[in-house]
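Undergrad:
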Amino acid sequence: MLLIVLSDGKANVPLPDTSGDAWAQTEQAAAQLADLAIPTLFLDTETGMVRVGRGKELAQRLNADYLLLDDLSADGLVHTIREVVG
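Here UniProt numbering is used: position 28 in the sequence shown is 28, and no number is missing along the way.
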């Protein structure tokens with residue numbers, strides 16, 4: 001089993017029926033997923049000249065392998081997934 005997360009890491013909307021901070025909620029959910037000890041690959045979809053870097057922070061919270069989506073080809077992605085899965 002492998003969890004693949006595609007995200008720019010930007011938490012911009014809090015969960016429904018809450019008034020909480022979207023980033024704090026995202027960190028909490030990531031920590032809960034990390035506790036499940038599922039191998040995880042985080043593909044950072046953030047683009048542009050200025051990057052916030054939240055994807056990398058989120059990958060660390062998830063205990064995930066981290067890659068920039070921009071740096072991958074289709075073959076590279078398949079190879080990376082095979083390495084992670086074993």
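Think of the CB as a built atom: it goes at the ideal place given N, C-alpha and C, for glycine as much as any other residue.
Does DSSP put THR40 in a helix, a strand or coil?
TA: strand
Undergrad: Report all residues from its chain with a CB closer than 7 Å to the CB of ARG61; omit the five preceding and five following residues, and keep chain order.
TA: GLU27, ALA30, ALA31 and ALA34
Undergrad: Do SER19 and THR45 have their C-beta atoms within less than 8 Å of each other?
TA: Taking 8 Å as the Cβ cut-off, SER19 and THR45 do not qualify as a contacting pair.
Undergrad: Just the C-alpha distance for LEU36 and LEU3, rounded to the nearest angstrom, thanks.
TA: Distance between LEU36 and LEU3, taken at the CA atoms: about 11 Å.
Undergrad: Which partner residues does SER7 have in the DSSP bridge list?
TA: ASP44
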